[in-house]
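2 protein chains.
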Amino acid sequence: MSLQSRLIEPPLAEGPQASFAAQLKGWQARIEHELSARLPSIDVQPSRLHEAIRYSVLGGGKRVRPTLVYATGAALGIPESNLDAAACAVELIHAYSLVHDDLPAMDNDDLRRGRPTCHKAFDEATAILVGDSLQVLAFELLASDAGAPADPAVRLKLVQLLAVASGTNGMAGGQALDLAAIGRKLSVADVEEMHVRKTGALIHAAVMMAAACAPHLSETIWRALEDYARAIGLAFQIQDDLLDVEGDVAVIGKATGADRALDKPTYPSVAGVETSRQRMQELHARALAALEVSGLQAAPLAAMSDWLVLRKY
Amino acid sequence: MSLQSRLIEPPLAEGPQASFAAQLKGWQARIEHELSARLPSIDVQPSRLHEAIRYSVLGGGKRVRPTLVYATGAALGIPESNLDAAACAVELIHAYSLVHDDLPAMDNDDLRRGRPTCHKAFDEATAILVGDSLQVLAFELLASDAGAPADPAVRLKLVQLLAVASGTNGMAGGQALDLAAIGRKLSVADVEEMHVRKTGALIHAAVMMAAACAPHLSETIWRALEDYARAIGLAFQIQDDLLDVEGDVAVIGKATGADRALDKPTYPSVAGVETSRQRMQELHARALAALEVSGLQAAPLAAMSDWLVLRKY
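Residue numbers (the working numbering), protein chains in the order written: chain A, 5 to 317; chain B, 5 to 317.
Here is the structure:
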């Protein structure tokens, strides 16, 4: 099956793609609801901070990471009600990283998801505290929230996976490499390393956190999911870089060409657009191949990989 | 015993005070060592971020929170090797909060522990990432580090206690109230609420995390420690406010009068210096009274309360 024929966006009228599109929409609605229920109310002090937290998390975004949690859960037959805490936690970490990355001292972005960034809508101090609060709320949910398996060992594994993915070996380290790369000439390997940490680690965590919620998962399936997650994590970021070069601001909801304007090395700027597309499709194929293992419903994860690679925003 | 006769700073030549001073010094040396062993090496990429992390955490500070972990452990007979992860985690959260609070958008401080603040010694983007990385490292240690009881349920309780203390109901919320209070007129109750969240919550967590590491702790001792922790948390911050009014910059290692300069309401500015001193001593007495419960070695915690209330920096 070619990449194009498996395109799920825009949703087709019938067939498995249409049913996945509906499933994806369902997960996106679910995570919006579950996040909203877990964020602090603006009726509680400090209300301005709580307002900024809700502003930064709710009302938009593709919800790639939490939908990956649910899709992995669907592949493994885990009830969604046991995945909500993990789905929310990984999205809160992502949301905090966006708020902090947008700050003037970092990427200095004014627009996010078609709206003013947190520090523009509120102020810088509030944006710093929003990120700090979202990060800690993620770990609080994994420790205490009802929407996860009751077994403390499972929950601790969730904390571990999310923490490793977010720290200096993962997302925060990737952002540091990204900032250090501005104006420098990197190799393709350097850019991959940066992407693997900055974006790949959290995508990987989303898949593996769901896997950690499955009782009695075989080592073979665990490893297959690791391969899958690593491949889509990098493919996703290459597509992000390509969209930054080629995308339409009205569709993406943030400024395009931002990386070029900041003189940031990206996959296409280092490897060229054509090579980037090839690398992305190679990773996509590797992700699909990883799913060919018994005991796993490949369909939802294959469709997720299609979506992430073929998306236009 | 009067407050003055129990003064442990400067250390006396003999008697129980001298032995506590030696114990305190031992814990301070221990935490320095344990932190250093757990912080990422500057030989590993991203090395500048790792350097800034080590700069921000090591080489100074009273180590109030980790020494409280060890003191509570001593009161309950817990081996120090089972407390290192909790002691490090609570200090990492404290260290992250200092780095972020010092940022220009927050309190805009140039000096901390007698040295340039992180964003002055490095840059703002690095300081933001240092705080983010320290926060996540704290939770990683609680999930994975050898220096905690093996029982996943205990570790999960540690995550829970630290997360609640750090979030919008605790430290981050307290900092938001603190920023919102600049230039406003607060009541004594408002200032207490702000202090309880901003400083008290993490002090409370330090004591209760150690308590969570004790096997089979009675509900009575748990509650006694909660009362103790709440009392010293507020007393500690009132003393901080008093030192800001009266202290000596050379001893404290940061600018004094900073709260006044920022027009921040403090305990003395709202209640007056004399009332603040009385309130602090009342809390100190309450802390000591809480320790009068069987099954608890009161001495180390009583000495900690003395130290926190009578300290000059």
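Quick reminder that beta carbons are idealized off the backbone N, C-alpha and C, glycines included.
By a beta-carbon distance limit of 8 Å, Leu238/A contacts Glu196/A. Their separation comes to about 7 Å. Gln164/B sits buried, since 16 or more C-beta atoms from the chains shown fall within 10 Å of its C-beta.
Of all residues in the segment 77-93 of chain B, none comes within less than 7 Å of chain A when Cβ atoms are compared. By the rule that beta-carbons nearer than 8 Å mark a contact, His54/A touches chain B. Per DSSP, the continuous alpha helix (DSSP H) segment holding Glu278/A begins and ends at Val277 to Ala294.
Residues of the segment 164-178 of chain A with a Cβ closer than 7 Å to any Cβ of chain B, in chain order: Gln164, Ala167, Val168, Ser170, Gly171, Thr172, Ala176 and Gly177. Nearest CB-CB separation between Ile225/A and chain B: not below the 8 Å threshold.
One alpha carbon belongs to Arg67/B, the other to Ser137/A, and they sit about 23 Å apart. In this structure the segment 83-93 of chain B does not lie against the segment 82-96 of chain A, because fewer than three pairs of beta carbons, one per stretch, are closer than 8 Å. DSSP, read as helix, strand or coil, puts Pro272/B in helix.
Fewer than three Cβ pairs drawn from the segment 228-245 of chain B and the segment 138-152 of chain B lie within less than 8 Å of each other, which leaves the two stretches out of contact. Interface criterion not met: the Cβ of His220/B is under 8 Å from no Cβ in chain A. Per the coordinates, the alpha-carbon of Asn173/B lies some 21 Å from the alpha-carbon of Ala167/A.
For Thr130/B, the enclosing alpha helix (DSSP H) covers residues Glu128 to Ser148. By the beta-carbon neighbour count (other beta carbons within 10 angstroms, threshold 16), Gln282/A is exposed. The beta carbon of Ser298/A lies closer than 7 Å to none in the same chain, with the five residues before and after it left out. Under the 8 Å criterion on CB atoms, Ala180/B is classed as interfacial with respect to chain A. Under DSSP, Pro120/A shares a beta bridge with Leu115/A.
Here Ala215/A is not near Thr71/A, since their CB atoms are 8 Å or more apart. Counting only Cβ-Cβ distances below 9 Å, Glu128/B has contacts in chain A at Leu107, Pro108, Ala109 and Met110, in chain order. Gln301/B sits in coil when the DSSP states are folded into three classes, being neither helix nor strand. Within the segment 189-217 of chain B, the complete alpha helix (DSSP H) segments of 4 residues or longer fall at 192-199 and 205-216, listed in chain order.
In the structure shown, Pro156/B adopts helical secondary structure according to DSSP, grouped into three states. Taken atom to atom, the span from the alpha-carbon of Ala33/B to that of Gly65/A is near 47 Å. In this structure His98/A is buried. Its beta-carbon is surrounded by 16 or more other beta-carbon atoms within 10 angstroms. A distance below 8 Å between beta-carbons, with the five flanking residues on each side excluded, links Leu190/B to the following residues of its chain, in chain order: Met198, Pro269 and Val274.
Around the CB of Asp114/B, fewer than 16 other CB atoms lie within 10 Å, so the residue is classed as exposed. By the Cβ test, the segment 29-44 of chain A is not in contact with the segment 107-121 of chain A, since fewer than three Cβ pairs between them sit closer than 8 Å. Closest option to Leu305/B, judged by alpha-carbon separation, among Arg119/B, Arg69/B and Asp267/B: Arg69/B. Residues of the same chain with a CB within less than 8 Å of the CB of Leu146/A, apart from the 5 flanking positions on each side, are Ala89, Ala90, Ala93, Ala152, Arg159, Leu162, Val163 and Leu166 in chain order. Just so you know, the alpha carbons of His208/B and Pro120/B end up roughly 29 Å apart.
Distances from the alpha-carbon of Ala142/A to those of Ser170/B, Ile57/B and Leu80/B put Ser170/B closest. Gln49/A and Gly177/B have their C-alpha atoms spaced approximately 8 Å apart. Here Tyr317/B is exposed, its C-beta having fewer than 16 other C-beta atoms within 10 Å. Take the alpha-carbon of Lys124/B and the one of Leu133/B: they are about 14 Å apart.
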